[in-house]
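One structure is given here, and the rest of the page talks about it.
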Amino acid sequence: MRIIRYVEGNGQPHSGVLADGTVYELVGGWENPSAGRRRAAEADIQLLNPCTPGIIICAGGNYRSQLAELGKPVPNEPPIFLKGINTLAGPGDAILHPRELDRLEYEGELAVVLGRTARNVRAADYRDYVLGYTCANDVTASNWRADGQWTRAKSLDTFCPMGPWIETAISGESLRLQTRLNSETVQDCQTSDMVFGVGELLEWITRWITLQPGDVLLTASPAGVGQMKPGDTVEVEVAGIGVLTNTVAWRT
Numbered sequence: 001m002r003i004i005r006y007v008e009g010n011g012q013p014h015s016g017v018l019a020d021g022t023v024y025e026l027v028g029g030w031e032n033p034s035a036g037r038r039r040a041a042e043a044d045i046q047l048l049n050p051c052t053p054g055i056i057i058c059a060g061g062n063y064r065s066q067l068a069e070l071g072k073p074v075p076n077e078p079p080i081f082l083k084g085i086n087t088l089a090g091p092g093d094a095i096l097h098p099r100e101l102d103r104l105e106y107e108g109e110l111a112v113v114l115g116r117t118a119r120n121v122r123a124a125d126y127r128d129y130v131l132g133y134t135c136a137n138d139v140t141a142s143n144w145r146a147d148g149q150w151t152r153a154k155s156l157d158t159f160c161p162m163g164p165w166i167e168t169a170i171s172g173e174s175l176r177l178q179t180r181l182n183s184e185t186v187q188d189c190q191t192s193d194m195v196f197g198v199g200e201l202l203e204w205i206t207r208w209i210t211l212q213p214g215d216v217l218l219t220a221s222p223a224g225v226g227q228m229k230p231g232d233t234v235e236v237e238v239a240g241i242g243v244l245t246n247t248v249a250w251r252t
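Here the UniProt record's numbering is used: position 73 in the sequence shown is 73, and no number is missing along the way.
Okay, structure coming up:
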């Protein structure tokens, strides 16, 4: 099932189910979603970021390929940080590049969307808590991270594009993740390269933090993180989900 957020014309945002070019009402909520009555044709809507989380929690340094690229050891525990919800952007939205920033980087990632309240989750049971998966770009102001101020570097407006939808019918263990910059492939990896899988991440995080339906976990980025500039087009593709496409523009 593909769960979306969308607007039709000048209307209000809605959640829905997209199937065969038709948008249906989402019934049953996050815990038991299903398709209801027909609402619109896909051609008549604009996709938004697919959920409105209360928290975006992120793993860092979680791909062996990136750790090897950077010459860093494999961590014993997953490094975790937060992004503000002001960072959310949807398919087709512009990623805004501050004029005073020297280097803005893409980080293509698999995002996990929670479907149930999650506290003290056991890794083996994580699927019971996951609604589905989507594509994300953990945009980073890299030179603002050098002084340890990760919140500033990670949480500017538009620094977390997600989409195009939440796919509920896949598992996150072994999916091909690719990032393309102006049609050139710059990241290409399997999610099986993660040091800590989705279950292990949720077990670790929910020891301390209770996650709610609609909250998002970003699972980190593989090797190949690089710079993007105004005028660039960035695509993040996860097999079985789809392609998230955004352009980069100057922040005014």
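Glycine included, each C-beta is placed from N, C-alpha and C at the ideal position. These numbers were taken from a predicted model, which means no experiment stands behind them.
Task: Assumed close pair residue 192, residue 173 - CB separation to whole angstroms, cut-off 8 Å - done: 6 Å
- [ ] Inspect the CB distances between the region 176–193 and the region 12–30 and report whether three or more fall short of 8 Å.
- [x] no
Task: Residue nearest to residue 17 in terms of C-alpha spacing, selected from 7, 74, 34 - done: 34
- [ ] Within 10 angstroms of the Cβ of residue 70, are there 16 or more other Cβ atoms? Answer buried if so, exposed if not.
- [x] The residue is exposed, with fewer than 16 neighbouring Cβ atoms inside 10 Å.
- [ ] Kindly indicate which three-state DSSP category residue 223 falls into: helix, strand or coil?
- [x] coil
TODO: Spatial neighbours of residue 103 within its chain, please: CB distance less than 6 Å, with the 5 preceding and 5 following residues excluded, ordered by chain position.
DONE: 142, 143, 227
Task: Straight-line gap, residue 134 to residue 118 (C-alpha atoms, nearest Å) - done: 19 Å
TODO: Give the DSSP-derived three-state secondary structure of residue 46 in the structure shown.
DONE: In the structure shown, residue 46 sits in a strand (DSSP, three-state: E or B).
Task: Nearest-angstrom Cα separation, counted from residue 208 out to residue 44 - done: 43 Å
- [ ] Note the first and the last residue of the continuous alpha helix (DSSP H) segment covering residue 316.
- [x] Any question about residue 316 goes unanswered here, given that the chain covers just 1 to 252.
- [ ] Locate the alpha helix (DSSP H) running through residue 151, then write down its first and last residues.
- [x] Per DSSP, the unbroken alpha helix (DSSP H) holding residue 151 starts and ends at 150–154.
Task: Cut-off 7 Å between Cβ atoms - residues of its own chain near residue 157, not counting five sequence neighbours on either side - done: Excluding residues within five positions, the ones whose Cβ falls inside 7 Å are 86, 87, 96.
Open item on the list: My assumption, with CB atoms under 8 Å, is that residue 132 sits in contact with residue 113. Please give the rounded CB distance.
Closed with: 6 Å
Task: Sequence-distant residues of its chain with Cβ nearer than 6 Å to residue 79 (five each side left out) - done: 60, 61
- [ ] Report yes if the CB atom of residue 245 is closer than 7 Å to the CB atom of residue 235, and no otherwise.
- [x] yes
Task: Distance between residue 249 and residue 109 (C-alpha atoms, nearest Å) - done: Going by C-alpha positions, residue 109 is about 21 Å away from residue 249.
Task: Pair within 7 Å by beta-carbon distance, residue 175 and residue 220 - done: no
Task: Residue environment, residue 46, which counts as buried when at least 16 other CB atoms sit within 10 Å - done: So residue 46 counts as exposed.
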